[in-house]
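I have placed the structure first, in the form of C-alpha cells, so that the comments after it can refer back to it.
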DNA sequence: ACCTGAACACCGTTCAAGT
DNA sequence: ACCTGAACACCGTTCAAGT
C-alpha cells in the first residue's frame with residue numbers, strides 16, 4: 021500500500037533496502053509471501069542478486085527481526101526499574117504489533133543476532149541497576165520469556181476463548197464436550213466492555229506481565245538466593 | 021532407530037499409522053525431514069496415498085501434536101489444585117521433551133484440535149475446582165501461555181546464557197559489547213552444580229511456573245475481580 | 001471404486017556461463 | 001569483476017488417466 025514497488029529499481033541494492041523491502045512485503049502480504057524469488061521480483065532484481073546482501077534466507081529473516089527490534093524505544097532514564105522495564109516491554113509489544121508476522125519469526129530463530137543480544141543486554145542492565153542479583157536477573161530473564169519481546173505465547177488463545185467461530189461453535193455444539201472451556205468463553209464474552217472479538221489481548225498481556233513483575237519485586241525485596249547445592253540433575 | 025521401515029509395507033495404511041510414522045520420523049531425523057513425500061516413502065507408499073488419511077500437511081502436523089498431547093498424564097484426583105496443576109504441567113513438559121520438535125510445531129498451529137481443546141478444558145476444570153472464578157481462570161490460562169504445554173518460550177535462551185559457543189564467544193570477544201549479558205552468563209557458568217552446558221532448563225521452567233502459581237494463588241485468596249468498566253479500548 | 005503417475009506451480013541454492 | 005540464466009533437488013497438491 022504505502023510502499024512503492026516501481027521506481028525502486030534504480031537505487032542500488034543494499035542490505036538495508038533488501039531488509040526494508042522484506043519487512044514491507046511481510047507487512048502487506050504476509051510472511052508466507054516472503055520468498056527469495058518473490059522478494060527479488062518486488063525489488064526488480066534477479067533472486068541471486070539478494071545473495072550479495074544476505075547469505076541465505078535464514079539471514080534474511082534474522083535481518084527482518086533486527087529491523088523490528090530496532091523500532092523498540094531505548095530505555096527511559098528513569099530511576100525506578102519497575103516502570104522502566106514495564107514501559108520498555110510495552111514499547112516492544114507496540115513494535116511487534118506493527119508487524120504481525122514478527123513474533124512467529126522471532127520464535128523460529130535459533131541464534132540471536134547482535135541486535136537482539138544488544139536488546140537483551142540493555143534489559144539485563146535495567147534489572148541489575150534496580151538491585152537484582154546476577155542469579156536472580158538470570159532467572160527473571162528466563163521467566164519473562166517471550167514477554168521480553170512484547171508477546172505472550174498466544175498459541176490459539178484468541179481462538180480459544182473469543183474467536184467468534186470457535187466461540188459460536190463451542191457454545192452451540194459442544195457445551196457438553198468442553199463445558200469448562202465454554203464457561204470461560206461465555207464469561208469473557210458477556211463482559212462486553214472488552215474490545216474486539218470478546219477478549220482484550222492487551223489486558224491479558226499486562227495481567228501476565230504485572231503478575232511476573234510483582235513476583236520479581238517480591239523476590240528481590242526478600243533477597244532471593246539460589247536453592248542449595250544439588251539441583252535437578254537431569255529431568256527426563 | 022527403534023522404528024522399522026520395512027515390513028510396515030503390508031499393514032493397511034491408517035490415520036494412526038501415518039501419524040505414528042510421522043512422529044517417529046520427526047523424533048529420529050528432525051521435523052524438517054517430515055515432508056509428505058519423504059513420509060510416504062518411509063511408509064512404502066505413494067505421496068498421494070497419505071491424502072486419504074490427512075487432508076493436507078497442516079492436518080498432519082495437527083495430528084502429530086495430538087499424539088504428543090495424548091501422552092500427557094490425566095489429572096491426578098488430588099484435592100489440592102496447586103500440586104495437581106503443577107504435576108500435570110510437569111507431565112506435559114516431560115511429553116514435550118520426548119519430542120523436541122513438538123513445541124515448535126505447537127507454536128505454529130493456528131486453530132486448536134479437539135484433543136488440544138480437551139486438554140485445555142481439563143486444565144480449566146482444575147482451576148475452577150480449586151476455587152478460581154471464571155474471570156480469574158480466564159486470565160490465569162492466558163498468563164500460563166506456553167507453560168500450559170510444558171515449555172517456556174526458550175527463544176535462544178540456552179544459547180544466550182549458556183551455550184558453550186555463545187558463552188565462550190561472549191566472554192572472549194565481547195565482554196565490552198554486552199557486559200551485562202556476559203555477567204549473567206558467567207554467573208550461571210561458575211555455578212557448576214547446574215547440569216549440562218551451564219544452565220538448568222528444568223530449574224528455569226519450574227522457577228517461572230512456581231512464580232506464576234504463587235501469583236495465581238495470591239490473587240485467588242484475595243478474591244481478585246476484574247478492574248472497573250473501561251478497559252483498554254485499542255492499544256495501538 | 002480405488003489408486004497413482006505425471007504434472008503444476010512453487011521453493012532455496014549452486015554454478016557455470018555470459019558480459 | 002560483476003551479474004545472471006539455467007539447472008538441481010526439493011516442496012505441497014491437483015487431476016486426469018490407469019486398473
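Chains as they are written, first to last, in our numbering: chain A, 21 to 256; chain B, 21 to 256.
Just so it is clear, CB atoms sit at the ideal spot from N, CA and C, and this is done for glycine as well.
Quick caveat: nothing in here was measured; it's all calculated off a predicted structure.
Test item: CB-CB of residue i and residue j under 8 Å
i: residue 109/B; j: residue 204/A; result: no
i: residue 165/A; j: residue 242/B; result: no
i: residue 156/B; j: residue 239/B; result: yes
i: residue 46/B; j: residue 119/B; result: yes
i: residue 293/B; j: residue 41/B; result: Coverage of chain B is limited to positions 21 through 256, which leaves residue 293/B absent and any answer about it impossible.
i: residue 33/A; j: residue 54/A; result: no
i: residue 111/B; j: residue 92/B; result: yes
i: residue 82/B; j: residue 129/B; result: yes
i: residue 101/A; j: residue 140/A; result: no
i: residue 87/A; j: residue 137/A; result: no
Spatial distance of residue i from residue j (CA atoms)
i: residue 89/B; j: residue 115/B; result: 7 Å
i: residue 201/B; j: residue 221/A; result: 31 Å
i: residue 148/B; j: residue 69/A; result: 58 Å
i: residue 198/A; j: residue 142/B; result: 8 Å
i: residue 258/B; j: residue 50/B; result: Outside the shown range of chain B, which is 21 to 256, sits residue 258/B, and nothing can be said about it.
i: residue 132/B; j: residue 97/B; result: 26 Å
i: residue 247/A; j: residue 75/A; result: 45 Å
i: residue 99/A; j: residue 227/A; result: 23 Å
i: residue 159/A; j: residue 67/B; result: 46 Å
i: residue 196/B; j: residue 107/A; result: 26 Å
i: residue 150/B; j: residue 94/B; result: 17 Å
i: residue 56/B; j: residue 71/B; result: 9 Å
i: residue 35/B; j: residue 194/B; result: 52 Å
i: residue 58/A; j: residue 206/A; result: 43 Å
i: residue 125/A; j: residue 234/B; result: 32 Å
i: residue 103/B; j: residue 219/B; result: 25 Å
CA nearest to the CA of residue i, picked from the options
i: residue 135/A; options: 70/A, 66/A, 224/A and 84/A; result: 84/A
i: residue 167/B; options: 149/B, 53/B, 71/B and 127/B; result: 127/B
i: residue 161/B; options: 111/B, 198/B, 105/B and 76/B; result: 105/B
i: residue 121/B; options: 94/B, 101/B and 48/B; result: 48/B
i: residue 152/A; options: 137/A, 36/A and 236/A; result: 236/A
i: residue 232/B; options: 103/B, 163/B, 77/B and 94/B; result: 163/B
i: residue 224/A; options: 171/A, 248/A and 37/A; result: 171/A
i: residue 117/A; options: 169/A, 56/A, 196/A and 159/A; result: 169/A
i: residue 37/B; options: 57/B, 52/B, 76/B and 80/B; result: 80/B
i: residue 154/B; options: 56/B, 52/B and 245/B; result: 245/B
i: residue 52/B; options: 77/B, 103/B and 234/B; result: 77/B
- request: With 7 Å as the C-beta to C-beta threshold (strictly closer), list the residues of the region 140-157 of chain A near chain B in chain order.
  value: So the close ones are 140, 141, 144, 145, 148, 154, 155 and 157.
- prompt: What residues from the region 101-130 of chain B come within 9 Å of chain A, judged by C-beta to C-beta, listed N to C?
  reply: Result list: 110, 113, 114, 117, 118, 124, 126, 127, 128, 129 and 130.
query: What are the residues of the region 162-175 of chain B that lie near chain A, defined by any Cβ-Cβ distance shorter than 9 Å?
result: Listed by position along the chain: 162, 163, 164, 165, 166, 167, 168, 169, 171, 172, 173, 174 and 175.
message: Short of 7 Å Cβ to Cβ, which residues in the region 62-78 of chain A face chain B?
response: Within the region 62-78 of chain A, no residue has a Cβ that lies closer than 7 Å to any Cβ of chain B.
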